[in-house]
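Contents: one structure, followed by commentary.
In structure tokens form, the structure reads like this:
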């Protein structure tokens with residue numbers, strides 16, 4: 001892709017998200033989301049592969065549907081209340097419709113069906129943008145309107161997403177689909193706590209972005225998109241294989257890694273809110289997700305791929321990829337847990 005075109009598209013992505021962040025008017029927020037969608041569409045279709053074009057079409061249709069629902073919900077709210085301000089979402093029909101639209105936008109279950117299919121058709125860099133940056137603007141709107149939305153709806157969306165994210169990833173062999181289901185599960189954790197402690201949603205979103213970026217950049221560095229090719233990683237890049245296994249366990253939420261931090265704080269807050277049943281269900285769904293991360297770790301570090309050469313480590317060529325972002329994200333994805341007291345102090 002032409003670097004000037006790429007620069008325009010990436011700056012438009014930034015502009016769309018910033019516009020939604022800064023807006024207090026429904027129309028401006030909707031415009032920011034639309035700019036975001038239109039900016040990422042050419043990035044998704046840039047390889048001209050049939051799967052990439054199919055993924056782009058699916059993504060565009062779902063995002064256009066969600067945008068139309070947001071516009072309809074905001075118009076309904078303005079018609080009923082006479083207010084266009086985001087903070088005045090007082091009409092229950094409009095607020096429910098708006099939440100459904102945002103759930104479709106970020107891929108919350110049961111509106112998640114497009115997410116694994118779209119991510120599977122994209123290259124890893126665009127998949128990374130879709131899994132991280134594209135979640136920011138909808139979450140900004142969700143946090144602003146969380147108090148006006150039915151708590152039961154938010155709880156159901158959260159539990160369904162964590163369950164679907166865990167179960168859906170169990171039977172997958174494609175790494176991008178596994179990361180898509182992982183994303184759905186993490187979104188569920190963020191949504192369930194948004195009504196009680198929105199600051200914990202931000203903490204969970206931040207740690208999710210760090211860990212997912214580390215996972216995507218690792219796969220990009222090792223040119224891996226399927227589980228069976230993971231088995232060759234340890235012989236080519238042993239250090240990368242060991243850090244990747246730790247990043248995956250961090251995504252699963254094991255202590256003493258960064259991924260344990262948001263899960264611990266969210267379960268603690270839900271316990272304070274006197275919701276023991278929801279806490280138990282969330283902890284059990286985390287175990288389901290942990291299973292497929294362990295499966296990836298097993299394939300990567302404990303299995304040897306069939307080869308015909310006698311030497312253990314094959315010939316390695318020097319990589320031309322930039323490894324600094326990978327190093328930064330991997331370090332933060334593994335070592336942020338000691339910062340928990342500071343984060344708790346900032347979020348209370």
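Residue numbers (full-length UniProt numbering): 1 to 348.
Heads up, the beta-carbon is just placed ideally off N, CA and C, and yes, glycines get one too.
Segment limits, alpha helix (DSSP H) that includes residue i
i, result
"residue 63", "50-81"
"residue 167", "151-170"
"residue 24", "No alpha helix (DSSP H) holds residue 24; DSSP gives it neither H nor E."
"residue 120", "114-120"
"residue 199", "198-221"
"residue 252", "238-252"
"residue 142", "136-145"
"residue 194", "No alpha helix (DSSP H) holds residue 194; DSSP gives it neither H nor E."
"residue 328", "324-335"
"residue 127", "124-131"
"residue 276", "276-301"
"residue 268", "260-272"
"residue 345", "340-347"
"residue 106", "92-106"
Short CB-CB distance (under 9 angstroms) between residue i and chain D
i, result
"residue 54", "The structure shown has no chain D; it contains just one protein chain."
Beta-carbon spacing of residue i, residue j below 9 angstroms
i, j, result
"residue 131", "residue 183", "yes"
"residue 125", "residue 210", "no"
"residue 110", "residue 53", "no"
"residue 128", "residue 212", "yes"
"residue 65", "residue 41", "no"
"residue 301", "residue 242", "yes"
"residue 208", "residue 256", "no"
"residue 160", "residue 282", "no"
"residue 231", "residue 304", "yes"
"residue 343", "residue 254", "no"
"residue 228", "residue 299", "yes"
Beta bridge counterpart(s) of residue i as assigned by DSSP
i, result
"residue 226", "174"
"residue 85", "25"
Closest residue to residue i among the options (Cα-Cα distance)
i, options, result
"residue 347", "256, 200 and 258", "200"
"residue 325", "236, 277, 216 and 275", "216"
"residue 81", "71, 94, 69 and 322", "94"
"residue 117", "169, 97, 68 and 71", "169"
"residue 43", "32, 13, 68 and 253", "13"
"residue 155", "18, 275, 241 and 296", "275"
"residue 226", "150, 296 and 32", "296"
"residue 34", "70, 119 and 237", "70"
"residue 87", "142, 101, 344 and 119", "142"
"residue 67", "159, 293 and 30", "30"
"residue 157", "181, 145, 185 and 177", "185"
"residue 178", "89, 320 and 292", "292"
"residue 38", "61, 50 and 49", "61"
"residue 122", "114, 176, 238 and 190", "176"
Are the region 245-265 and the region 320-338 touching, with three or more C-beta to C-beta distances below 8 angstroms?
-> yes
Would you check if there are 3 or more beta carbon pairs closer than 8 angstroms linking the region 273-293 to the region 216-224?
-> no
Meets three-Cβ-pair contact criterion under 8 angstroms: the region 134-148 and the region 90-109 = yes
With a cut-off of 8 angstroms, do at least 3 Cβ pairs link the region 62-79 to the region 22-30?
-> yes
Contact the region 178-194 vs the region 139-152: 3+ CB pairs below 8 angstroms | yes
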